[in-house]
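Presented below is the structure to which this report refers.
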Amino acid sequence: MTFIIRPLEFEELASFFHYLNDHLLDNGRDGAPLFQPMPRTSAGFPPEKANGFSTGLQASFGQQGWRRVWVAVREGEIIGHIDLRSRPEAPARHRCLLGMGVHRAARRNGLGAALVATAAAWAREQGLAWIDLEVLAGNVPAQALYRKCGFVQTGEIADMFRIDGESLGYVFMSLQLAAEADRMAV
1 MTFIIRPLEF EELASFFHYL NDHLLDNGRD GAPLFQPMPR TSAGFPPEKA
51 NGFSTGLQAS FGQQGWRRVW VAVREGEIIG HIDLRSRPEA PARHRCLLGM
101 GVHRAARRNG LGAALVATAA AWAREQGLAW IDLEVLAGNV PAQALYRKCG
151 FVQTGEIADM FRIDGESLGY VFMSLQLAAE ADRMAV
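Residue numbers 1 to 186, in the UniProt record's numbering, belong to the letters of the sequence shown in order.
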(Lines of atoms letter the chains of each structure in order from A and count residues from 1; the text may use other names and numbers.)
(Lines give C-alpha, C1' and ligand atoms only; values in the text may rest on other atoms or scores of the structure.)
Protein backbone atom coordinates (compact mmCIF):
# COMPACT_ATOMS: atom_id res chain seq x y z
CA MET A 1 0.00 0.00 0.00
CA THR A 2 1.35 3.39 -0.97
CA PHE A 3 0.62 6.40 1.23
CA ILE A 4 2.23 9.55 2.52
CA ILE A 5 2.16 10.81 6.10
CA ARG A 6 2.16 14.56 6.54
CA PRO A 7 1.06 17.17 9.08
CA LEU A 8 -2.59 18.18 8.94
CA GLU A 9 -3.11 21.81 7.96
CA PHE A 10 -5.65 23.86 9.91
CA GLU A 11 -7.52 24.57 6.65
CA GLU A 12 -8.09 20.81 6.21
CA LEU A 13 -10.09 20.34 9.41
CA ALA A 14 -13.43 19.95 7.61
CA SER A 15 -12.14 17.03 5.51
CA PHE A 16 -10.41 15.60 8.59
CA PHE A 17 -13.68 15.64 10.56
CA HIS A 18 -15.42 14.00 7.59
CA TYR A 19 -12.82 11.20 7.76
CA LEU A 20 -13.27 10.89 11.55
CA ASN A 21 -17.05 10.62 11.22
CA ASP A 22 -16.63 7.86 8.64
CA HIS A 23 -14.05 6.14 10.85
CA LEU A 24 -16.45 6.20 13.81
CA LEU A 25 -18.96 4.16 11.80
CA ASP A 26 -16.70 1.18 12.63
CA ASN A 27 -16.70 1.78 16.39
CA GLY A 28 -17.81 -1.58 17.79
CA ARG A 29 -19.64 -2.56 14.62
CA ASP A 30 -19.33 -5.43 12.16
CA GLY A 31 -16.82 -7.31 14.29
CA ALA A 32 -14.59 -4.31 15.02
CA PRO A 33 -13.83 -3.63 18.69
CA LEU A 34 -15.01 -0.47 20.38
CA PHE A 35 -12.15 1.98 19.98
CA GLN A 36 -13.86 5.12 21.27
CA PRO A 37 -15.75 5.25 24.58
CA MET A 38 -18.98 6.13 22.79
CA PRO A 39 -22.17 4.19 22.10
CA ARG A 40 -22.13 2.25 18.84
CA THR A 41 -25.00 4.39 17.55
CA SER A 42 -23.32 7.77 18.18
CA ALA A 43 -24.04 10.29 15.46
CA GLY A 44 -20.44 11.30 14.87
CA PHE A 45 -17.45 13.06 16.28
CA PRO A 46 -18.52 15.08 19.34
CA PRO A 47 -18.35 18.89 18.95
CA GLU A 48 -16.27 19.32 22.12
CA LYS A 49 -13.63 16.95 20.72
CA ALA A 50 -13.67 18.77 17.37
CA ASN A 51 -13.12 22.02 19.25
CA GLY A 52 -10.11 20.44 21.00
CA PHE A 53 -8.53 19.76 17.62
CA SER A 54 -9.29 23.25 16.33
CA THR A 55 -7.91 25.11 19.34
CA GLY A 56 -5.00 22.71 19.87
CA LEU A 57 -3.70 23.05 16.32
CA GLN A 58 -3.51 26.81 16.79
CA ALA A 59 -1.59 26.58 20.07
CA SER A 60 2.19 26.69 20.02
CA PHE A 61 4.05 23.62 21.22
CA GLY A 62 4.59 23.99 24.95
CA GLN A 63 1.41 25.98 25.50
CA GLN A 64 -1.25 24.23 27.51
CA GLY A 65 -3.70 22.59 25.09
CA TRP A 66 -1.32 22.22 22.11
CA ARG A 67 -2.04 19.45 19.62
CA ARG A 68 -0.32 18.18 16.47
CA VAL A 69 -1.94 15.91 13.90
CA TRP A 70 -0.51 13.86 11.05
CA VAL A 71 -2.62 12.26 8.37
CA ALA A 72 -1.88 9.36 6.08
CA VAL A 73 -3.10 10.12 2.57
CA ARG A 74 -3.56 7.82 -0.41
CA GLU A 75 -4.88 9.14 -3.71
CA GLY A 76 -5.99 12.36 -2.05
CA GLU A 77 -8.04 10.62 0.68
CA ILE A 78 -7.23 10.48 4.39
CA ILE A 79 -6.79 6.83 5.37
CA GLY A 80 -5.36 7.27 8.86
CA HIS A 81 -4.31 9.79 11.45
CA ILE A 82 -2.33 10.19 14.63
CA ASP A 83 -2.33 13.08 17.04
CA LEU A 84 -0.25 14.12 20.01
CA ARG A 85 -1.56 16.58 22.55
CA SER A 86 -0.44 18.14 25.77
CA ARG A 87 -1.40 16.50 29.02
CA PRO A 88 -3.85 18.63 30.97
CA GLU A 89 -1.54 18.82 34.00
CA ALA A 90 1.08 21.60 33.68
CA PRO A 91 3.78 19.70 35.62
CA ALA A 92 3.50 16.87 33.04
CA ARG A 93 4.76 18.92 30.09
CA HIS A 94 7.50 16.36 29.46
CA ARG A 95 4.76 13.90 28.43
CA CYS A 96 2.02 13.93 25.80
CA LEU A 97 -1.10 11.92 24.94
CA LEU A 98 -1.56 9.97 21.73
CA GLY A 99 -4.71 9.28 19.73
CA MET A 100 -4.94 7.57 16.38
CA GLY A 101 -7.08 5.73 13.88
CA VAL A 102 -6.76 3.83 10.62
CA HIS A 103 -9.51 3.59 8.01
CA ARG A 104 -11.09 0.15 7.62
CA ALA A 105 -9.65 -0.26 4.11
CA ALA A 106 -6.10 0.46 5.26
CA ARG A 107 -5.75 -1.75 8.33
CA ARG A 108 -3.14 -4.49 8.71
CA ASN A 109 -0.76 -2.96 6.15
CA GLY A 110 1.81 -1.32 8.44
CA LEU A 111 0.13 2.08 8.42
CA GLY A 112 -0.48 2.14 12.18
CA ALA A 113 3.19 1.45 12.97
CA ALA A 114 4.27 4.10 10.42
CA LEU A 115 1.97 6.67 12.05
CA VAL A 116 3.34 5.86 15.53
CA ALA A 117 6.92 6.13 14.25
CA THR A 118 6.17 9.54 12.71
CA ALA A 119 4.65 10.91 15.90
CA ALA A 120 7.39 9.44 18.12
CA ALA A 121 10.12 10.97 15.96
CA TRP A 122 8.47 14.40 16.21
CA ALA A 123 8.04 14.02 20.00
CA ARG A 124 11.74 13.14 20.37
CA GLU A 125 12.71 16.20 18.30
CA GLN A 126 10.66 18.37 20.65
CA GLY A 127 12.41 16.91 23.70
CA LEU A 128 9.43 15.07 25.11
CA ALA A 129 10.26 12.15 27.41
CA TRP A 130 7.08 10.05 27.21
CA ILE A 131 4.08 9.35 25.03
CA ASP A 132 1.04 8.07 26.92
CA LEU A 133 -2.19 6.61 25.62
CA GLU A 134 -5.46 5.17 26.81
CA VAL A 135 -7.09 2.28 24.98
CA LEU A 136 -10.27 0.36 25.68
CA ALA A 137 -9.47 -3.01 27.27
CA GLY A 138 -11.41 -4.89 24.58
CA ASN A 139 -9.42 -3.33 21.74
CA VAL A 140 -6.88 -6.14 21.51
CA PRO A 141 -5.63 -5.26 17.98
CA ALA A 142 -4.73 -1.72 19.06
CA GLN A 143 -2.95 -2.95 22.18
CA ALA A 144 -0.93 -5.40 20.07
CA LEU A 145 0.09 -2.59 17.70
CA TYR A 146 1.17 -0.36 20.58
CA ARG A 147 3.21 -3.18 22.16
CA LYS A 148 4.87 -3.83 18.78
CA CYS A 149 5.80 -0.12 18.71
CA GLY A 150 7.42 -0.31 22.16
CA PHE A 151 4.62 0.82 24.46
CA VAL A 152 4.23 -0.95 27.80
CA GLN A 153 1.08 -1.25 29.86
CA THR A 154 1.30 0.93 32.96
CA GLY A 155 -2.15 0.31 34.43
CA GLU A 156 -5.79 -0.52 33.90
CA ILE A 157 -9.05 0.71 35.35
CA ALA A 158 -11.72 -1.98 35.28
CA ASP A 159 -15.33 -0.94 34.58
CA MET A 160 -14.27 2.57 33.52
CA PHE A 161 -17.11 2.85 31.02
CA ARG A 162 -20.52 1.35 30.58
CA ILE A 163 -21.39 1.48 26.92
CA ASP A 164 -24.44 -0.17 25.37
CA GLY A 165 -24.88 -2.26 28.54
CA GLU A 166 -21.27 -3.46 28.49
CA SER A 167 -18.64 -2.81 31.16
CA LEU A 168 -15.32 -1.75 29.63
CA GLY A 169 -11.95 -1.12 31.21
CA TYR A 170 -9.34 1.42 30.18
CA VAL A 171 -5.75 0.30 29.65
CA PHE A 172 -2.95 2.83 30.08
CA MET A 173 0.23 2.43 28.03
CA SER A 174 3.39 4.52 27.72
CA LEU A 175 6.42 4.78 25.46
CA GLN A 176 9.62 6.16 26.93
CA LEU A 177 11.50 8.24 24.40
CA ALA A 178 15.26 8.90 24.22
CA ALA A 179 17.12 9.57 27.44
CA GLU A 180 18.14 13.06 26.28
CA ALA A 181 14.47 14.04 26.55
CA ASP A 182 14.95 14.18 30.33
CA ARG A 183 16.70 17.51 29.80
CA MET A 184 13.63 19.16 28.24
CA ALA A 185 13.08 22.67 29.62
CA VAL A 186 9.54 23.00 30.92
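Don't be surprised by glycine CBs; every beta carbon is placed ideally from N, CA and C.
Looking at Asn109, Leu133, Asn27, the one whose alpha-carbon comes closest to that of alanine 120 is Leu133.
Secondary structure at aspartate 22: helix, using DSSP grouped into helix, strand and coil. Distances from the alpha-carbon of tryptophan 122 to those of Glu156, Cys96, Gly28 put Cys96 closest. Inter-residue distance for threonine 55 and glutamine 63 is about 11 Å (C-alpha atoms, whole angstroms). A direct Cα-Cα distance of roughly 31 Å separates valine 102 from proline 91. The criterion of a C-beta distance shorter than 8 Å is satisfied by leucine 115 and isoleucine 5.
Under the three-state reduction of DSSP, arginine 74 is assigned to strand. Here DSSP, grouped into helix, strand and coil, assigns threonine 55 to helix. Taking the Cα of methionine 1 as reference, the smallest distance to any Cα among Arg85, Ala106, Met100, Leu34 is reached at Ala106. The C-beta distance from phenylalanine 3 to leucine 111 rounds to 6 Å, short enough to fall under 8 Å. No Cβ-Cβ contact shorter than 8 Å links glycine 155 with proline 33. Between phenylalanine 16 and isoleucine 79, the beta carbon gap of about 12 Å keeps them out of contact (Cβ cut-off 8 Å). Phenylalanine 151 and serine 86 have their C-alpha atoms some 18 Å from each other.
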